[in-house]
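Just so you know, we're using the working numbering here: the sequence shown kicks off at 37 and counts up by one.
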Amino acid sequence: MTQAHELVLPAGGAEDLGHGSVYFVGTATTIIRYAGFTILTDPNFLHRGEKVHLGYGLTSTRRTDPAMEIGDLPPLDLVLLSHMHEDHFDRVAERDLDKQAPIVTTPHAAKSLKKSGFAAPIPIKTWDSLTVKKGDMTLKITSMPGTHGPGIMGKVLPPVMGSLLQFRTSSGKLPLQLYISGDTLIHDQLREIPRVFPDIDLALLHLGGTRVLGIMVTMDARQGVEAIRIINPKVAVPIHYNDYTVFKSPLDDFKREVQSAGLEDRVRYVSHGDTYAFEIPESRLT
37 MTQAHELVLP
47 AGGAEDLGHG
57 SVYFVGTATT
67 IIRYAGFTIL
77 TDPNFLHRGE
87 KVHLGYGLTS
97 TRRTDPAMEI
107 GDLPPLDLVL
117 LSHMHEDHFD
127 RVAERDLDKQ
137 APIVTTPHAA
147 KSLKKSGFAA
157 PIPIKTWDSL
167 TVKKGDMTLK
177 ITSMPGTHGP
187 GIMGKVLPPV
197 MGSLLQFRTS
207 SGKLPLQLYI
217 SGDTLIHDQL
227 REIPRVFPDI
237 DLALLHLGGT
247 RVLGIMVTMD
257 ARQGVEAIRI
267 INPKVAVPIH
277 YNDYTVFKSP
287 LDDFKREVQS
297 AGLEDRVRYV
307 SHGDTYAFEI
317 PESRLT
């Protein structure tokens, strides 16, 4: 594991370390707020009925509307992009996002972003990290292994990364570790994540059971439950479900699998437009 980059942001106001939130816009688009940081993930702002292009002439139609418009976004510290597919970085984002915004992503996606006029994509390879400093807080983002498809399908789809976000205080305390799966299937390298990063607090899991040419390329309900068992977060929140016609594993399937596995106490469901608010115990801060 190596240190890839360092980014220093202007200090903000007072940091609330005891509370944080994840606002669910739709698909894999969320707004994460914690410790003075505001982070946008996988921006997708197309509307119901609009199509995304998945490559090789394949398209998918959106079934939902985003819970907010791109023009209503709060001021952002950075964008976290798991990979370059149009249901994760669409033409609205390409047109309307600030071209100077730091975008942390895969080397493959960073090249594409530069061609689209974005000045500050930050590529990080698997297991490499970016350190972001803002005031008294440090955020370390590490690229996690992901596999977007089995066999040859994994070779033709864009490279994907998960992300591990570690928020650390100036005194060295680590109040929050947040994992985002990205568009991955269950694979052997996932088992390395809890070995390197035990005690993950919160996991955002990309589900949907996406199928391309009949082949599953994102986790379905059963794999989502398996991911919880592997990563072992204190709390898991499913995202990336029910939004596109290629998503074949609905959220209700995941709910049934969670219940069958006896994991209801570790999963929180957040509807489009709702917020998952979390608290950090005082013992983690002192």
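Ideal placement from N, C-alpha and C gives every residue a C-beta, glycine not left out. If you're wondering where the values come from, they're calculated on a predicted model, not measured in any experiment.
Leaving out the 5 sequence neighbours to the left and right, which residues in its chain are closer than 7 Å to residue i when beta-carbon positions are compared?
i	result
residue 44	169
residue 94	248
residue 59	66, 67, 311
residue 156	136, 137, 138, 139
residue 320	209, 211
residue 300	294
If you reduce the DSSP assignment to three classes, tell me which class residue i lands in.
i	result
residue 198	strand
residue 104	coil
residue 62	strand
residue 213	strand
residue 135	coil
residue 274	strand
residue 37	At residue 37, the pLDDT of 49 sits below 50, so the modelled position is not reliable; the number obtained from the coordinates is stated separately. Correct three-state label for residue 37: coil.
residue 260	helix
residue 187	helix
residue 129	helix
residue 297	helix
residue 47	coil
State the beta-bridge partners of residue i as determined by DSSP.
i	result
residue 315	55
residue 180	198
residue 280	98
residue 70	56, 73
residue 42	167
residue 174	169, 204
residue 248	251
residue 157	139
residue 93	In DSSP, residue 93 forms no bridge with anything.
Using C-beta distances below 6 Å, list every residue in its chain close to residue i, excluding the 5 sequence neighbours before and after it, in chain order.
i	result
residue 115	76, 137, 139
residue 201	177, 214
residue 129	79
residue 260	241, 243, 290
residue 309	103
For the putative contact between residue i and residue j, defined by C-beta atoms under 8 Å, what is the C-beta separation to the nearest angstrom?
i	j	result
residue 242	residue 275	6 Å
residue 173	residue 199	That pair is no contact at about 17 Å.
residue 303	residue 272	5 Å
residue 123	residue 280	6 Å
residue 285	residue 244	6 Å
residue 119	residue 219	6 Å
What residues in its chain sit with their C-beta under 8 Å from that of residue i, if we drop five residues either side in the sequence?
i	result
residue 322	209
residue 230	236, 266, 267, 268
residue 37	Any reading at residue 37 must be qualified, since the residue scores a pLDDT of 49, below 50, and its modelled position is unreliable; no value is offered.
residue 318	54
Pairs of beta-carbons, one from the region 41-57 and one from the region 95-107, closer than 8 Å: are there three or more?
no
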